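Asker: Numbering (the working numbering), first residue to last: 6 to 558. Backbone N, C-alpha and C fix where the C-beta goes; we use that ideal spot for every residue, glycine too. Fair warning: this is a prediction, and the values are worked out from it, not measured in the lab. Got a structure here, written out as structure tokens. Questions coming.
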């Protein structure tokens, strides 16, 4: 930036020795501490400009950094390599050993998603943000191109005399040369790999979906709870971020040593350490004796849209818990879709096990790469599922988003036929070589179950990871159907292939990749059919209008 010719520097980077960089290395990832946040606030206080890399930054630190950087009148410049090929080549440059492809892709995904999150969070906070893709500056025309003009206007130096200095005129040419040299230094194998991998990689143009914390408290007149105070949470979060939940709860009446404050988060339940000193709350409620020791100790929780956090209060042993508060995480504008991104056409697909996902993945690979899926083209991945698992990301901002759904009971029967009958994943030989946590008592385990046993004892069998994965209700992981541009029933796969061919101009042929023994619905005993209806109830509710159990009878 100094080459813009300013008399004073526009940006004062701290570099790796800056106080916030040092704090970053000490940040506790399992439980962000309030003291760390205060130290970060002090490190950024009164600084006119700050430089911060976002690679390998813990989500808690990044949330705190964005919150503090968003205070005051600062404007924000986000600098990145926008082109995926340039980014990957730059990550490889200077490395003495080539990393595993999965590691390279994970580093790039994490870095670019962090940058995109910073931009989204700052913009939602009403801050001035300018995104600068370095390739836009590395163009013919020197420092008078539109990209340079936009940068100078954002920095407020557009009309300052002498701003286009002779020293800066060579900068675009030098950047062009550096980008070309970085790519040319790679051997042909890596150049081919990067050309192939960038077809699945998103840039800043595909920002992640974000969530907002929303607290609903059951306190006030006529309630057994006088006050609920939840300490400040980041205004913008992502699925999976870890937050520190802390605050104070003041029940009506005198505090009892037997009282309990309970937390529920999905299937997780715990009793909170309650009764910490709270002088600020006591000053606010001088008439409540319980206000003096109303705080509960912080607890670390992962953020999930599907799993709100609830607090409840028990005044004494055996008493019915009283709702205190619910902390939900609601989408900012759009729902996240965990799926596969096809960059050349900005297409996003969320796979559903046992809903033609193998065939669809193989079709997308052939359309995008130009050849059928093979281990040699997949950097050693033995199966198309392994290949795409390493390349999954939030595709909710893709130009076209689709999903294929299937009748829930037919999908369940297909999973049983494939995983149990064909792949023998509930056989003694297979389970003896399968690490399980927690371990199962295989001495009394019902191996190789028939369908009736499998359904009756499904809670046991779903403890096997592969069974849980293929039989998991789609309502537990699928984005709301409204998040997709098109939802294809399993019976309309030809329509999907035709739509993709029209969107891309590339032939789309759907292979039949899985051929498992089919279980006829007529062979399912009525009692087991009724149990399947119960097991799949949430999916039928989600897919109402497309499928219903009545259609199968």
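1) If you measure between the beta carbons of residue 188 and residue 94, is that distance less than 9 Å?
2) Where residue 314 and residue 260 are concerned, what is the direct C-alpha to C-alpha distance, given to the nearest angstrom?
3) Return the CA-CA distance between residue 184 and residue 91, expressed in angstroms with no decimal places.
4) As a quick exercise: from 412, 121, 235 and 454, pick the residue whose alpha carbon is nearest that of residue 64.
5) Is it a yes or a no for the stretch 522-539 touching the stretch 454-465, going by three-plus beta-carbon pairs under 8 Å?
6) Measure the beta-carbon distance from residue 605 to residue 246 and round it to whole angstroms, keeping in mind my assumption that it falls under 8 Å.
7) Measure the C-alpha to C-alpha separation of residue 208 and residue 139 and round it to an integer number of angstroms.
8) Who are the Cβ neighbours of residue 256 in its own chain at under 8 Å, not counting the five residues just before and after it?
9) In the DSSP assignment, the beta strand (DSSP E) including residue 315 goes from what residue to what residue?
10) Whose CA, out of 277, 284, 359 and 293, lies closest to the CA of residue 495?
11) Looking at the secondary structure, which residues open and close the alpha helix (DSSP H) in which residue 153 lies?
12) Quick check on the DSSP output: the beta strand (DSSP E) that includes residue 267 runs from which residue to which?
13) Give the secondary structure of residue 172 by DSSP, where H, G and I count as helix, E and B as strand, and everything else as coil.
14) In the DSSP assignment, what are the bridge partners of residue 81?
15) Given a threshold of 16 other Cβ atoms within 10 Å of its Cβ, counted over all protein chains shown, does residue 488 qualify as buried or as exposed?
16) DSSP has residue 333 in a bridge; who is on the other side?
17) If you draw a straight line from the C-alpha of residue 251 to the C-alpha of residue 536, how long is it?
18) Per DSSP, what are the beta-bridge partners of residue 347 in this structure?
19) In the structure shown, what three-state DSSP assignment does residue 370 receive?
20) Do the CB positions of residue 565 and residue 515 come within less than 9 Å of each other?
21) Note down, in chain order, each residue of its chain lying with its Cβ closer than 6 Å to the Cβ of residue 408, except the 5 sequence neighbours on either side.
22) Return helix, strand or coil for residue 398, following the three-state DSSP convention.
23) Could you check where the alpha helix (DSSP H) with residue 466 kicks off and where it finishes?
24) Hey, out of 60, 469, 429 and 424, whose CA is closest to residue 440's CA?
Answerer: Once the coordinates are examined:
1) yes
2) 24 Å
3) 7 Å
4) 121
5) yes
6) Residue 605 cannot be examined here, being either before or after the span of the chain that is shown, 6 to 558.
7) 13 Å
8) 229, 230, 231, 264, 295, 318 and 320
9) 314-319
10) 359
11) 151-160
12) 265-270
13) With a pLDDT of 42 at residue 172, under the threshold of 50, the predicted position of this residue should be treated as unreliable, and no value is reported.
14) 134
15) buried
16) 219
17) 42 Å
18) 352
19) helix
20) Only positions 6 to 558 of the chain appear in this structure, which leaves residue 565 out of reach.
21) 355, 489 and 492
22) strand
23) 463-466
24) 469
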